[in-house]
Amino acid sequence: MTTGKMEKKEFMSGFWRSCCLQGCFNYERQQGLGFGYAMIPHLRRIYKDDPEGFKEAMKRHLVFYNITPQCTTFVQGIAIAMEEEAASNPDFDASSINAIKTALMGPLSGIGDSIFWGTLRTIGLGVGISFCMQGNILGPILFLLIHNIPHWFVRYKGLQVGYEQGLSFMENATEGGMLETFSMAAKMLGATVVGCMIATMINFTTTITLNMGNHQTLAIQSIFDEIAPKLLPLLLAFGCFALIRKGKKTTTVMLLLFLLGFVLAFLEGLPMFAPMV
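Numbering follows our numbering, in which position 71 of the sequence shown is assigned residue number 71; successive positions increment by one, without gaps.
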């Protein structure tokens with residue numbers, strides 16, 4: 001493949017256009033229109049003297065495409081290098097360009113979703129919410145920084161690495177097991193952060209106390225604490241998660257939580273559940 005032809009202005013144009021990947025998201029081609037839009041500056045340079053070649057290339061990049069948005073520039077860089085080869089080599093099979101794009105969508109989306117949605121967003125929320133609960137303005141700022149600094153770095157470097165190294169980078173990473181290991185580590189880190197958030201940020205306890213007679217009482221909360229500390233927050237989180245997995249809307253889950261709070265508050269106020277004075 002030929003490399004080294006892309007100039008800084010073209011690089012930045014393609015980079016910024018990649019941010020519009022989901023601007024025309026639709027159910028037929030999903031991110032296809034956004035990817036084609038990002039490829040326009042590169043195709044104009046590659047097929048500068050070949051209008052028909054430009055049209056055919058645009059058609060190639062308007063087909064179905066779906067990937068974690070932060071990872072799209074890596075595929076974009078590979079597509080640029082392959083388009084250069086297609087333009088300079090008449091024997092090059094142009095259909096392989098979309099074949100490579102299709103082959104990369106799954107693996108890169110699996111890694112990207114684990115890192116950006118499952119890990120970085122979760123960590124950012126954990127840090128941000130802890131500051132917001134204290135009324136600190138750093139909460140939303142830190143959330144945006146934790147999530148977006150890696151996002152912009154990966155998006156910028158992805159275009160460069162995809163264009164200069166392309167498939168060789170993916171082959172080396174896959175053969176060495178680096179991608180699978182990194183993806184698994186990201187998932188484990190995300191799960192750990194979620195567990196810490198449940199234990200530290202969900203304040204769900206009960207004051208229900210049973211009158212056992214003979215001036216003896218039994219606090220329900222103490223039973224839960226003896227079984228496992230923070231058991232009630234964990235059960236509440238699992239209950240909400242189960243409702244979400246069944247397709248319940250988040251607003252429905254919130255209303256159910258309000259209802260649960262009212263019911264528990266009513267029960268805790270009943271004389272039979274009140275602590276003895």
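For every residue, glycine included, the Cβ atom is placed at its ideal position computed from N, Cα and C. For clarity, every value in this text was computed on a predicted model and none was experimentally measured.
The straight-line gap separating the alpha-carbon atoms of residue 142 and residue 117 is approximately 16 Å. Between residue 163 and residue 6, the gap from beta carbon to beta carbon is short of 8 Å. In the DSSP assignment, the residues bridged to residue 30 are 26 and 65.
Only buried fits residue 36, as 16 or more other CB atoms lie within 10 angstroms of its CB. Residue 124 places its beta carbon 8 Å or farther from that of residue 97. Inter-residue distance for residue 150 and residue 84 is about 29 Å (C-alpha atoms, whole angstroms). The Cβ-Cβ distance between residue 218 and residue 231 does not fall below 8 Å. Beyond the five residues adjoining it in sequence on each side, residue 30 comes within less than 8 Å, by CB distance, of 64, 65 and 66 in the same chain, given in chain order.
Residue 41 is not a Cβ neighbour of residue 60, given a cutoff of 8 Å.
The continuous alpha helix (DSSP H) containing residue 163 extends over residues 138–164.
Annotation for residue 236: 202 and 204 place their beta carbon closer than 7 Å to its own, counting only its chain and skipping 5 residues before and after. Under a 10 Å Cβ-count criterion, residue 71 is classified as buried, with 16 or more other Cβ atoms of the shown protein chains found around its own Cβ. In terms of Cβ geometry, residue 86 and residue 92 form a close pair [threshold 8 Å].
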